[in-house]
Amino acid sequence: MLTHEQRFLCLLPSLRRMKSVTDHTPGEARVETNVPHASCRQALGPSVGTKPQQIQRKALQPLLHSESSDPCQQQLSCQTISSRRAARPSLLRFLAMAAPPQPTPAPLAADAAFRLGFLGAGNLAESIARGVAASGVLPASAIRTAPHRRPERAAAFASLGARILDSNAQVVHDSDVIVISVKPQIVKQVLVELKPLLSEEKLLVSIAAGIKMKDLQDWSGQRRIIRVMPNTPSAVGQAASVMCLGEMATEKDEDRVKSLFSAIGKVWTAEEKYFDAVTGLSGSGPAYIFLAIEAMADGGVAAGLPRDLALGLASQTVFGAATMVSETGKHPGQLKDQVTSPAGTTIAGVHELEKGSFRGTLINAVVAATTRCRELSKN
Ligand SMILES: NC(=O)c1ccc[n+]([C@@H]2O[C@H](COP(=O)([O-])OP(=O)(O)OC[C@H]3O[C@@H](n4cnc5c(N)ncnc54)[C@H](OP(=O)(O)O)[C@@H]3O)[C@@H](O)[C@H]2O)c1
Numbered sequence: 081m082l083t084h085e086q087r088f089l090c091l092l093p094s095l096r097r098m099k100s101v102t103d104h105t106p107g108e109a110r111v112e113t114n115v116p117h118a119s120c121r122q123a124l125g126p127s128v129g130t131k132p133q134q135i136q137r138k139a140l141q142p143l144l145h146s147e148s149s150d151p152c153q154q155q156l157s158c159q160t161i162s163s164r165r166a167a168r169p170s171l172l173r174f175l176a177m178a179a180p181p182q183p184t185p186a187p188l189a190a191d192a193a194f195r196l197g198f199l200g201a202g203n204l205a206e207s208i209a210r211g212v213a214a215s216g217v218l219p220a221s222a223i224r225t226a227p228h229r230r231p232e233r234a235a236a237f238a239s240l241g242a243r244i245l246d247s248n249a250q251v252v253h254d255s256d257v258i259v260i261s262v263k264p265q266i267v268k269q270v271l272v273e274l275k276p277l278l279s280e281e282k283l284l285v286s287i288a289a290g291i292k293m294k295d296l297q298d299w300s301g302q303r304r305i306i307r308v309m310p311n312t313p314s315a316v317g318q319a320a321s322v323m324c325l326g327e328m329a330t331e332k333d334e335d336r337v338k339s340l341f342s343a344i345g346k347v348w349t350a351e352e353k354y355f356d357a358v359t360g361l362s363g364s365g366p367a368y369i370f371l372a373i374e375a376m377a378d379g380g381v382a383a384g385l386p387r388d389l390a391l392g393l394a395s396q397t398v399f400g401a402a403t404m405v406s407e408t409g410k411h412p413g414q415l416k417d418q419v420t421s422p423a424g425t426t427i428a429g430v431h432e433l434e435k436g437s438f439r440g441t442l443i444n445a446v447v448a449a450t451t452r453c454r455e456l457s458k459n
């Protein structure tokens, strides 16, 4: 158990970054982190969107007086990407948006709670449901779905305490927020079937990759829609999700969806025109990093390490470096400079990477995946 003083010291870096919190203005991209420790959520939830000084005051009081366990692992700060930065006309903007942590919306108050339904009880739906229930954003009893064919999907949701219904129609009837979590090629069929049951009273949230807002509107006949693009680390609560709002989606809708996806990682809000590039970066990005981890481990083996040790060191090194970028808010180039001493080992390795066009290759990978995504979404 930490003393109050220790807690305060742990929180200082996060609180310093809170100076950059501003109210959202159009054209800016926003970032958001994992659901923090319960005490932090309690403290920070109501302060989202308020001025920095208010956040600091609200955040500090409960934490300094809380008897709960170590909050040091929790991420508490928030940053609005400046409009100057967001306006840079390049995909590199997304790489530069390495997000310092920020406060996450608290579990919704009882009067703001809602019923959450999933159309499609698959892997991603389960990850979201687990995250939402585990973080306390909603009680499991507020979650419902109607598994399609495989009984094990019903068992997975039932084990969470979610309600299992008989049909998609029942899910729509019994939910306020409806997540469309079937495979992209089935979205049209599902929405067209359910169209007569949908109304503006219900918020639709689509996580289907590549399905555009306009198609969602045409097929559902609704305009109160939020489109979200998460990625595979959602399975371990470390997703990078980007959401865009349909024309009838409200601020309250945005807050609700932010709460849901903050339960499985970090969330950004951006315009839909960026979604192909989001797919090229964060959608496909885990595969690039899997390759990098495998290659680093191979390098370790080539240099004489046992395979298990090499793989563990490679994955933990990537995890640690990513955490440093996101926790310190420092530019990755600055962090690289800090570890490259003159004539040292690291600069020798960096030199080899540059000879192999490491950075140019990664940039090309993101651009190629974006281009492919654009091609696919035209078909
Ligand atoms: N996984 C990710 O990390 C990720 C990332 C970004 C976006 N997404 C998007 O998330 C969506 C779901 O992906 P996933 O990986 O979770 O796929 P998944 O595990 O295959 O889930 C799809 C679920 O939909 C069910 N289903 C099929 N037809 C249905 C119908 N007519 N009515 C209701 N349910 C139906 C399937 O049930 P049966 O198998 O029983 O037929 C299956 O459980 C996709 O649109 C994908 O593009 C996923």
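Okay, so the sequence shown: first residue is 81 according to my numbering, each after it adds one. Ideal Cβ placement from N, Cα and C applies to all residues, glycine included.
With a 10 Å radius around the Cβ and a threshold of 16 neighbouring Cβ atoms, Asp417 comes out exposed. Residue state for Gly365 is assigned as helix, using DSSP reduced to three classes. Assigned with DSSP and collapsed to three states, Ala390 falls in helix. Nearest to Trp299 by C-alpha distance, out of Lys275, Lys332, Gly290, His431, is Lys275. In the three-state reduction of the DSSP assignment, Val322 falls in the strand class, which pools E and B. By alpha-carbon distance to Gln318, the top candidate from Ile258, Ser342, Thr330, Leu325 is Ser342. Judged by the Cβ position, Leu196 fails to qualify as a neighbour of ligand 1 at the 7 Å threshold, every heavy atom of the ligand being at least this far.
Take Ala201, set aside five residues on each side of it, and the residues of its chain with a beta-carbon closer than 6 Å to its own are Thr225, Pro227, Arg233, Phe237, in chain order. Per the C-alpha coordinates, the member of Val217, Phe399, Asp256, Arg210 positioned closest to Ser339 is Val217. Under the rule that a run must span 3 or more residues, the beta strand (DSSP E) segments found entirely inside the segment 294 to 361 read 305 to 309, 319 to 325, 345 to 349.
Thr312 counts as buried, since at least 16 other C-beta atoms from the protein chains shown sit within 10 angstroms of its C-beta. Per DSSP, Ser247 lies in no alpha helix (DSSP H) segment and is marked neither H nor E. Beta-bridge annotation (DSSP): Ile258 is paired with Gly197, Leu284. The C-alpha of Ala423 is placed about 42 Å away from the C-alpha of Phe355. A check of alpha carbon separations from Tyr368 across Val337, Ser261, Val446, Lys346 identifies Val446 as the nearest.
Exclusion of the five residues before and after Ala288 leaves Ile260, Ser261, Val262, Lys263, Pro264, Val267 as the residues of its chain whose Cβ lies within less than 8 Å of its Cβ. Under DSSP, Ile223 takes part in a beta bridge, and its partners are Leu196.
Collapsing the DSSP output to three states places Arg229 in coil.
In this structure, Ser314 keeps its C-beta atom at 8 Å or more from the C-beta atom of Ile291.
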